[in-house]
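Trainee:
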């Protein structure tokens with residue numbers, strides 16, 4: 001909304017000296033790009049140019065080179081750090097001599113934006129005064145820990161309106177717009193006004209303090225004599241200094257301030273007085289995200305309702321009311337239905353069989369007729385029973401197969417008196433999709449039943465149960481229609497730089513990124529397996545591909561990952577992934593695509609290219625995510641292709657690239673796979689491809705994957721396979737073998 005739209009020449013004067021350093025220079029570029037968002041860049045309105053200065057000024061691009069905002073921002077990103085001393089005065093004299101390169105010769109207002117730490121090696125007062133005498137408006141922007149008194153000298157009057165801090169780019173862009181809005185830019189939009197508020201200018205200053213005294217020896221007037229005395233001991237330290245000031249910012253009424261979007265909808269402003277709502281699935285009955293429920297998916301749906309003494313009669317009647325209200329909302333009068341209801345305590349009954357009712361009215365009558373029984377809570381037994389008997393409905397036509405997803409919604413509010421883990425596993429082995437609903441104290445047991453916290457719904461109070469209807473609708477329709485690459489089998493390893501070059505605070509950013517990325521995958525033995533490696537000078541496996549079989553277990557393990565803090569060697573990390581992570585012995589599944597995501601600040605990459613190439617040669621994609629400033633050629637050799645290289649300027653921006661990274665991982669998950677890469681044959685066995693399968697040729701070993709040492713002489717051989725057997729194996733068969741191998745290792 002806030003853009004300075006006027007005929008205006010804006011010249012950035014960017015500090016590229018050694019006192020700034022490469023990292024802060026990258027932040028300066030990012031900040032300059034943010035300030036461009038407050039300018040309506042167009043040939044007839046705002047034009048932008050840039051000079052980088054250090055020992056000498058260097059013209060990066062004149063004002064007439066790039067005439068759209070996108071072009072200017074892209075050119076700023078490509079600016080290369082030069083280094084040198086901080087000669088602000090010389091840069092100002094260059095402008096006094098040359099003017100604004102490519103500008104309109106002072107026929108339009110001229111604005112100079114100096115981005116610096118203010119630590120100039122020469123005097124700046126005289127050239128700064130001469131620049132301002134030419135009616136050039138000067139903004140001084142402090143970067144890093146600036147010397148504010150020098151920036152005060154550079155900035156136009158009043159300094160509190162022309163001094164900005166790059167640490168908060170959005171706030172500084174607002175400050176720039178607020179100062180330019182009167183009188184340079186067009187008038188502030190109706191309802192908006194410029195307000196002042198107290199703020200702080202922070203910097204680090206070196207101060208000396210008296211640390212104490214110590215005994216020292218001094219000369220004496222007497223010959224051949226010295227005398228003892230106490231000498232002060234001074235030490236220097238850096239102190240954070242805060243300078244109180246006032247800031248001027250433009251404040252506009254936000255059409256989303258009134259929170260018009262209901263039910264978790266996101267309000268997106270469109271200008272100053274209009275907005276639209278992004279509604280969650282299951283909402284959108286009107287523009288404000290009113291509830292809109294419908295089963296826009298085809299499933300066989302069976303509700304399993306707890307009727308034991310633990311839920312009480314009141315709780316059972318609440319479940320019945322919830323069932324009626326939910327089914328009335330999601331099932332239309334003329335919609336074909338495949339809904340059933342079972343209830344349980346000591347015993348299990350299915351009073352409403354799947355597809356028994358052809359209209360909503362008769363279904364509601366049957367739900368009304370359900371009676372409370374009040375026995376023991378045997379949830380495990382009930383799950384096993386419905387897995388065996390709940391989905392035996394006969395298709396309407398003999399030649400039509402009933403291949404719809406089978407969904408069981410468990411409604412319970414009482415801890416089970418028998419084991420639920422084995423029964424839930426049995427139900428999932430029968431391809432049942434389980435959803436659990438209960439009050440907050442049931443969360444752990446429901447997660448055990450479903451195997452996934454995302455398939456568990458908990459409510460805080462009785463009324464909150466009815467608020468969960470849209471959430472239930474979304475979870476029912478998520479089966480058979482997974483988002484992203486959840487339906488694709490994938491072995492995924494994260495290799496995270498935990499070296500001192502990254503630092504503890506930035507390492508926590510990387511850890512949070514890995515954690516949130518894992519939420520995009522269905523983690524189990526059959527879909528996605530995830531491993532995590534951290535590295536400094538050496539690499540360590542935090543958990544292997546076959547260690548955790550649920551999302552909750554992976555997230556809990558990630559939260560415990562320690563920071564290492566020594567030097568970095570990305571090459572040793574990739575070699576570790578190749579030899580100790582992406583192997584059949586450690587849970588890798590042949591016939592499944594494999595991806596390694598390397599998260600690094602770019603340190604220790606010199607020895608990584610050969611190991612990355614070795615991984616790619618064995619069918620394992622290497623995806624490199626680099627934060628900070630690193631030589632691109634080295635990174636490209638490691639990634640192998642620009643497609644698999646993401647270069648991010650700051651750790652704070654990492655979250656904005658997550659969608660892109662997940663999307664590219666998913667593309668790899670959907671690509672064809674070579675069953676012999678990586679080699680599934682152990683002990684130097686040779687993998688030989690066949691049509692849709694492979695076999696292992698063994699030397700001195702035997703078994704389908706050369707896993708057993710060949711016996712000599714009259715020793716007994718395994719009756720299952722003849723010597724040097726080369727059985728054909730399909731991807732599914734190999735996954736079963738991989739699990740069996742892990743089991744035998746544990747035994």
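In the UniProt record's numbering, the protein residues as written are 1 to 747. In this text, a Cβ means the ideal position worked out from N, Cα and C, and glycines have one as well.
Taking just the CA atoms, how far does residue 580 sit from residue 609?
Mentor: For residue 609 and residue 580, the distance between alpha carbons rounds to 18 Å.
Trainee: According to DSSP, simplified to helix, strand and coil, what is residue 15?
Mentor: Note: residue 15 maps to strand in three-state DSSP.
Trainee: Which partner residues of residue 201 appear in the DSSP bridge assignment?
Mentor: The partner list for residue 201 (beta bridge, DSSP) reads 243.
Trainee: Going by other Cβ atoms of all chains shown within 10 Å of its Cβ, with 16 needed for buried, is residue 341 buried or exposed?
Mentor: So residue 341 counts as buried.
Trainee: Confirm, please, whether the CB-CB distance from residue 515 to residue 457 is below 7 Å.
Mentor: Result no, Cβ atoms of residue 457 and residue 515 do not sit closer than 7 Å.
Trainee: Apart from the five residues just before and just after residue 604, which ones in its own chain have a Cβ nearer than 6 Å to its Cβ?
Mentor: Closer than 6 Å at the Cβ level, and outside the excluded window around residue 604, lie 568, 569, 570.
Trainee: When you compare only the Cα positions, how much space is there between residue 392 and residue 469?
Mentor: If you take the alpha carbons of residue 392 and residue 469, they lie about 27 Å apart.
Trainee: If you count every other CB in all the chains shown that lies within 10 Å of the CB of residue 720, and 16 or more means buried, which is it?
Mentor: Residue placement at residue 720 is poorly supported in this model, since its pLDDT is 36, which falls under 50; the coordinates are not used for a value here.
Trainee: Could you spell out where the beta strand (DSSP E) holding residue 594 opens and where it closes?
Mentor: Per DSSP, residue 594 belongs to the beta strand (DSSP E) from 593-600.
Trainee: Are there three or more Cβ pairs, one per stretch, closer than 8 Å when the region 93-105 is compared with the region 72-85?
Mentor: Segments in contact, no.
Trainee: Within 10 angstroms of its Cβ, does residue 718 collect 16 or more other Cβ (buried), or is it exposed?
Mentor: Bear in mind that a pLDDT of 38 at residue 718, under 50, signals an unreliable position, so the number given afterwards is only what the model happens to contain. Flag for residue 718 reads exposed.
Trainee: Within a Cβ cutoff of 6 Å, which residues of the same chain sit near residue 114, ignoring the five residues on either side of it in sequence?
Mentor: Excluding sequence neighbours, residue 114 sits near 13, 140, 154.
Trainee: If you compare alpha carbons, which of 138, 165, 167, 504 is closest to residue 158?
Mentor: Comparing Cα positions, the closest option is 138.
Trainee: For a test of the three-state rule: what should DSSP assign to residue 771, helix, strand or coil?
Mentor: This structure cannot speak to residue 771, because the chain is shown only from 1 to 747.
Trainee: Looking only at DSSP bridge pairs, what is residue 349 linked to?
Mentor: Residue 349 pairs with 343.
Trainee: Quick check on residue 365: buried or exposed, where buried means 16 or more other Cβ atoms within 10 Å of its Cβ?
Mentor: Exposed, because fewer than 16 other Cβ atoms sit within 10 Å of the Cβ of residue 365.
Trainee: Hey, residue 448 and residue 421: beta-carbon distance below 7 Å or not?
Mentor: Yes. Within cutoff.
Trainee: List the endpoints of the continuous alpha helix (DSSP H) containing residue 389.
Mentor: Per DSSP, residue 389 belongs to the alpha helix (DSSP H) from 379-389.
Trainee: Which value, in whole angstroms, describes the spacing of the CA atoms of residue 749 and residue 255?
Mentor: What the structure shows of the chain is the stretch from 1 to 747, and residue 749 is not part of that stretch, so it cannot be assessed.
Trainee: Which residues in the same chain as residue 349 place their Cβ atom closer than 8 Å to its Cβ, once the five residues preceding and following it in sequence are excluded?
Mentor: So the qualifying residues of the chain are 342, 343.
Trainee: Buried or exposed: which applies to residue 316, given that a residue is buried once 16 or more other Cβ atoms fall within 10 Å of its Cβ?
Mentor: The residue is buried, with at least 16 neighbouring Cβ atoms inside 10 Å.
Trainee: So within the region 92-178, which uninterrupted alpha helix (DSSP H) runs reach at least 4 residues, ignoring any that extend past its ends?
Mentor: List check, alpha helix (DSSP H) in window: 125-133, 148-154, 159-162.
Trainee: Could you check which residue in 308, 371, 490 has the C-alpha nearest to that of residue 748?
Mentor: Outside the displayed span of the chain (1 to 747) sits residue 748, for which this structure offers no information.
Trainee: Does the region 697-710 touch the region 669-677, meaning 3 or more C-beta pairs lie closer than 8 Å?
Mentor: Too few Cβ pairs lie closer than 8 Å, so no.
Trainee: Got a sec, what are the start and stop residues for the beta strand (DSSP E) residue 20 sits in?
Mentor: Per DSSP, residue 20 belongs to no beta strand (DSSP E) and is neither H nor E.
Trainee: State yes or no: is the C-beta of residue 418 within less than 7 Å of the C-beta of residue 380?
Mentor: Yes, these two residues count as a Cβ contact at 7 Å.
Trainee: Do the region 635-645 and the region 30-47 touch if we need at least three Cβ pairs shorter than 8 Å?
Mentor: Touching, no.
Trainee: Compute the Euclidean distance between the alpha carbons of residue 702 and residue 543, then round it to the nearest angstrom.
Mentor: Approximately 30 Å, taken between the alpha carbons.
Trainee: State the DSSP-derived secondary structure class of residue 59, mapped to helix, strand or coil.
Mentor: It is a strand residue.
Trainee: In this structure, does DSSP put residue 442 in helix, strand or coil?
Mentor: Three-state result, residue 442: helix.
Trainee: Is the beta carbon of residue 24 less than 7 Å from the beta carbon of residue 143?
Mentor: Cβ distance < 7 Å, so residue 24 and residue 143 count as in contact.
Trainee: Going by CA-CA distance only, name the one from 681, 240, 693 that's closest to residue 705.
Mentor: Minimum Cα distance to residue 705 is reached at 681.
Trainee: When burial is assigned at 16 or more other CB atoms within 10 Å of the CB, is residue 771 buried or exposed?
Mentor: Here the chain comprises residues numbered 1 to 747, so residue 771 is not present and cannot be evaluated.
Trainee: Which one or two residues does DSSP pair with residue 249 in a beta bridge?
Mentor: Its beta-bridge partners are 195.
Trainee: Starting from residue 648, trace the beta strand (DSSP E) both ways and give me its first and last residue.
Mentor: Note, residue 648: beta strand (DSSP E), 645-648.
Trainee: Between which two residues does the beta strand (DSSP E) containing residue 406 stretch?
Mentor: Residues 406-411.
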